[in-house]
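Numbering (the working numbering), first residue to last: 1080 to 2046.
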C-alpha cells in the first residue's frame, strides 16, 4: 500500500518532463499508478469481502503514539476502487480532452495525479493524524486544480473559497480528532471503532467538530457554497474531485465513524437534519439553472446530502444502502460530467438554452448521457435503482426519525428526477425556435471513459448481488437488523417500489411544468450562499480595517505599552487567583555581593536611558544593560550564556549604530506629562510582575532538578559541556526550529532594505564617480593636511584605497588586518570545542560575523565585498541544508536527529571522534554567519550605497530584468 501511494507522488513529480516530452500522451503514462492500484484492490476483494483487512504500519511519532497506519477493509476497498478506477478513466480522458498546447498542462497533470495519491492514502489511513494530513493534502491539491486557469479571476476566487471553507472545517476536525484520540487512549481508527470512548461532553464536542470537517468537505449545507463555484475548474477535475473522490471524503468519514458514534446524542440530529436540508435545497436550485455543469453541480450537492443521511443513519440496512449509493453516484455523476465536457468541447457552450439537436448529431454521446442519467433518476435496471430501493427500505423500516427522513428523501428524489430530465432535454433535445447547434466530430478515445462508467452502472444493476458480500462486510459492523436487507435488483412489488413510482411521476410533472417551476423558484429564491459568503468577507475586511486603523497608529512605544499591559493583566490575574507565593521559599537578594553590585549598575544604566535625548547615548546605555546581564552570567558560573550574550550584544550595538546613520541625532517624539505618568507605572508593574512570576516559578519546584540527570547523560557519552549538548542533541528540534525562524526573520528584515532586488548590482570600485559614503558623512577640518599628506604609506586592507585619505585610520586598518584571521580561527575553535568547553555553532557564527564586521568598519563596503565575496544567502541556505541533512540522516537509525559518533585514528593527531552533533552545529554556524553578513550588507553596505547615490557619487544601476533603477 505504501509503495502504491509513493508511486503516485513520485510519478507526479515527473509530470513536467513527461508532458514536455510526450505532450498530452503523458496522461496515459500517469494513469499507470492508479491502474496498478485498481488491479491490486481487485486482488484483495476476497479478503475484504470475508471481513478481513490488509494492514501496514510505520511508526511516525512514537512519543505520541502516532503511526502512518494503513488498512484496507470493505469500506476502504470500495473507496480505493472509486479513487483509483475513476482516476484511471479521467486521466485517459484528459489525453483526448486537452491539446499539446494547452496552457500549464504539466502542473495540472502532476497535481491531478498527486491528488489521486493523497485521496488513496486518505481512504486507507487507519490513524486519525495520518488521515488529517492527507485530508489537508487533498484540500491543497484541489485548490491548485480549481485555480488551474489562474489568469481568470473567477478561478482564483473559486479556488480560494474552496480552500477557505474546507480548511476551516479541517482545522475544526483536527481538534475533534485530538479530543477523540485522548478520550479513547489511541489514535488508531479501527481500535476506536471497535471500542469507542464513553459519550461524555468532551466526546460530544469532538463529534460535532469532526462532523464540521466532514460536512464542509462534502459540501453539506451550510458549507455547500464552494462546490458549485468549483465548476470553474476544467471538466476532468469536476468529474474526478467533485463526483467520485474529494466530495466523497466527508461521506466516507461519516460512514467510517458512524458505527462508533451514531449513538452519541448529537450525531443523528446534525447528520439527518443537515443532510436532508442539503438534498432539498440542492435539488430545488438545480431546476432553475441553465449551465449544464451547474445543474450537475447542484445535483451533486443534493445527492451528497442524501448520501450523508444514509451513511449517518446508524443502522445496518441504511449503511448497506449508503455504500451501494456511493458506488452508483460515482459511476453516473462522473460519466455525466465527462459527457458535459464532450458537449462543451464539441459545441463550444454548456448553456442548455443554446443547445439543440445534439441527440441526432452526436448519437453515441447522447446514448452514454442517457444511460448515466437513467441511473441517476433511479430507473430500473440500473444500479441507481437498486441502491435507491435499498435506501427506501432501510428508512421505511427505521424509527420515527428515519420515517421523517424518508419523506424528505422521497421529495428530494422527485427533484432528482426533474433535474435529470432537465439535463437530458437541455443537452440533447431539439428545441422549438432554436437552430441545431453545430458540432465537430468527437473521437472514440474521448467518449470511451464515460461510456465505461455508464455501462458499468447498467451492468451492476442486475449484477448488484456481486457486491452484496463486500458491502455487507461493512454494514455488519453495525448492530444486527431484525430483517437484514440484501442487495438485489428486484424485491417484488412493495412500498419501496410504489415510492419510486411516485418519484418518477412527480419528477415528470415538475419537468413538464419547468417554465412555471423556474419562475416560482426565482421568485422565492433566498440570497445565494455565495453572495452571503462574499458579504461576510467584505464585512470582515471592513472590520479588520477599522481595528487596524484604531490599533496600528505607527507608535512603537504605544505598541510596546499595549503588549506589556496585556501581559501584565494576564500575569496578575494568574498570580492573584493561584497565590503561588503562599508557602514558597522567600527569595534571596543575592548569592554573592558581586551579583548585587552588577545588578545595581545594570539597573542604573537602564534607568539612565530614560533621561537621554540622543539616540547614540541611548544605544550605548542599552548595550551596557546587556553587558551587565552577561556579567551576571559570569558571576553565576554560566560561561556559555555569558559568551553568547557578549557576542549578541556587540553585534546588536553595531547594528544599532549602522541604523542610526539614517535617523535624526535626537529623539523627536515629544512625550507629555500624562503619557509619562501612564508609561512609568506600566513599565515598573511589568518588571515587578515578571520578577514575581520568575520567583514563583522557581519556588514552585516540587520535582528534583533535571540538571544532575543531564550532566550524567552527557558524561555517559564522554562529553562535558551540558549546555552545548542540550542545544545540538537533547533539544536539537528546538535549535532547528529556532534556526529556521532566525533565518526567516533576518531575510525578512533585510529585504525591507532591498526594496526591489536583494542582489547587489555591482560591488566594483569603478562604479564610484566621486566620494564614498564615509567621506560624505564627515566634515573637512581646516588647518589640517589634506589628501595624500594624511594617507598611510601602504595599504593594509584590500580596498583601503576607496576611502578618503583624511578618513583612514592606520591603527584601525592594522588592527583589522591583524585580527581578522585570528578571529576566524577563534570562531572555528569555539565551534569544535563545544562538546567539552564553552562554545557552540551559534556563538562561533557570531564571532566569525564580528570578524567581517571589523573589516567593514575598517574599510567600508568594498572591503566587506573583498572579505566575503559570496552572497549571504549561500551561507544561510547551506547552513539550513546541513542541519536538515544531519537531522534526516538520523532516519538511518530509526528516528530524525538520532545522534551517532564515528571514532578513528590519525597518524599525527592520534585518536579522534566525529559526532553528528558537531555537523549539526556546523550548520548552525554557517546559518548565523550568513544572517550576520546579510544584516551588515543590508544595514551597512546597502545604506552606504543609497547615501552615495543620493549624493550623486554613484552611477545609477539598473535592474537587468526590468530596466528600472535599483534602490
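All C-beta atoms in this analysis are idealised placements derived from N, C-alpha and C, irrespective of residue type, glycine included. Quick caveat: nothing in here was measured; it's all calculated off a predicted structure.
Subject >> Under the three-state DSSP convention, the category residue 1492 falls into >> reply: helix
Subject >> Inter-stretch contact at 8 Å, needing at least 3 Cβ pairs: the stretch 1483-1493 / the stretch 1515-1535 >> reply: No contact exists between the stretch 1483-1493 and the stretch 1515-1535.
Subject >> Cβ-Cβ distance between residue 1305 and residue 1241 below 8 Å >> reply: yes
Subject >> Cβ pair residue 1337, residue 1393 closer than 8 Å >> reply: yes
**OP:** Determine the DSSP secondary structure at residue 1436, reduced to helix, strand or coil.
**Re:** Collapsing the DSSP output to three states places residue 1436 in coil.
Original post:
For residue 1989, which three-state DSSP category applies?
Top reply: Strand, per DSSP.
**OP:** Please list the segments of the alpha helix (DSSP H) lying wholly inside the stretch 1343-1402, counting only runs of 4 or more residues, in order along the chain.
**Re:** Runs of the alpha helix (DSSP H) inside the stretch 1343-1402: 1346-1365, 1371-1391.
Subject >> Simplified DSSP state of residue 1418, which is helix, strand or coil >> reply: helix
Subject >> Collapsed DSSP secondary structure at residue 1516 in the structure displayed >> reply: In this structure, residue 1516 counts as coil in the three-state DSSP scheme.
**OP:** Tell me whether residue 1134 sits in a helix, a strand or coil according to DSSP, three-state version.
**Re:** Residue 1134 carries a strand assignment under DSSP once its states are collapsed to helix, strand and coil.
Original post:
Which ranges does the alpha helix (DSSP H) cover as unbroken runs of at least 4 residues, wholly within the stretch 1696-1756, from first to last along the chain?
Top reply: 1718-1739
Original post:
For residue 1681, which of helix, strand or coil comes out of DSSP?
Top reply: In the structure shown, the three-state DSSP call for residue 1681 is helix.
Original post:
If you run the structure through DSSP and keep just helix, strand and coil, what is residue 1888?
Top reply: coil
Original post:
Looking only at its own chain, which residues have a Cβ that is under 6 Å from the Cβ of residue 1094, when we skip the five neighbours before and after it?
Top reply: 1185, 1188, 1189
**OP:** Kindly give me the distance between the Cβ atoms of residue 1587 and residue 1496, rounded to whole angstroms, as I take these residues to be in contact under 8 Å.
**Re:** Contact holds; Cβ gap of about 7 Å.
Original post:
So, is residue 1113 buried or exposed, given that buried needs 16 or more other C-beta atoms within 10 angstroms?
Top reply: Counting of Cβ neighbours within 10 angstroms places residue 1113 among the buried residues, the total reaching 16 or more.
Original post:
Buried or exposed: residue 1476, going by 16 or more other Cβ atoms within 10 Å of its Cβ?
Top reply: buried
Original post:
What's the gap between the Cα of residue 1649 and the Cα of residue 1784?
Top reply: Approximately 28 Å, taken between the alpha carbons.
**OP:** Have a look at residue 1461 and residue 1451 and give me their C-alpha separation to the nearest angstrom.
**Re:** 9 Å
Subject >> With 16 other Cβ atoms within 10 Å as the buried cut-off, status of residue 1867 >> reply: Confidence is the limiting factor: at residue 1867 the pLDDT is only 46, short of 50, which leaves the residue's position unreliable, though a coordinate-based value still follows. By the neighbour-count rule (16 or more Cβ atoms within 10 Å), residue 1867 is not buried but exposed.
Original post:
Leaving out the 5 sequence neighbours to the left and right, which residues in its chain are closer than 7 Å to residue 1235 when beta-carbon positions are compared?
Top reply: If we look at residue 1235 and ignore the five residues flanking it on each side, its Cβ neighbours are 1226, 1229.
**OP:** Check whether the stretch 1342-1349 touches the stretch 1250-1267, counting contact only when three or more Cβ pairs, one atom from each stretch, lie closer than 8 Å.
**Re:** No: the two stretches stay apart, fewer than three of their Cβ pairs being nearer than 8 Å.
Subject >> Ordered list of alpha helix (DSSP H) runs contained in the stretch 1806-1834, each at least 4 residues >> reply: 1811-1832
Subject >> Distance between beta carbons of residue 1434 and residue 1426, contact taken as under 8 Å >> reply: 6 Å
**OP:** Starting from the C-beta of residue 1322, find all residues in its chain whose C-beta is less than 7 Å away, skip the five residues before and the five after it, and write them out in chain order.
**Re:** Around residue 1322: 1379, 1409, 1412, 1413, 1416.
Original post:
Taking just the CA atoms, how far does residue 1634 sit from residue 1092?
Top reply: 48 Å
Original post:
Is residue 1570 helix, strand or coil by DSSP?
Top reply: Of the three classes helix, strand and coil, the one that applies to residue 1570 here is coil, per DSSP.
**OP:** Could you give the DSSP three-state label for residue 1855: helix, strand or coil?
**Re:** With a pLDDT of 49 at residue 1855, under the threshold of 50, the predicted position of this residue should be treated as unreliable, and no value is reported.
**OP:** Would you list the residues sitting across from residue 1206 in a DSSP beta bridge?
**Re:** 1267
**OP:** Compare the Cα-Cα distances from residue 1457 to each of 1152, 1487, 1561, 1580 and report the closest residue.
**Re:** Residue 1580 is the option with its Cα nearest to residue 1457.
**OP:** List the endpoints of the continuous alpha helix (DSSP H) containing residue 1445.
**Re:** 1442-1455
**OP:** For residue 1545, count neighbouring Cβ atoms within 10 angstroms of its own Cβ and tell me buried if that reaches 16, exposed if not.
**Re:** exposed
Original post:
Taking buried to mean at least 16 other C-beta atoms within 10 Å of its own C-beta, is residue 1838 buried or exposed?
Top reply: Low local confidence applies: a pLDDT of 48 at residue 1838 is under 50, so the model's placement there is unreliable, with the coordinate-based value given in what follows. Residue 1838 should be labelled exposed.
Original post:
Can you tell which of 1505, 1254, 1637 has the C-alpha that lies nearest to the C-alpha of residue 1292?
Top reply: 1254
Original post:
Around the C-beta of residue 1472, are 16 or more other C-beta atoms found within 10 angstroms, so that it is buried, or is it exposed?
Top reply: buried
Subject >> Other residues of its chain near residue 1902: CB distance less than 8 Å, five sequence neighbours each side excluded >> reply: Once the five neighbours on either side are set aside, the close Cβ partners of residue 1902 are 1926, 1927, 1929, 1930, 1933.
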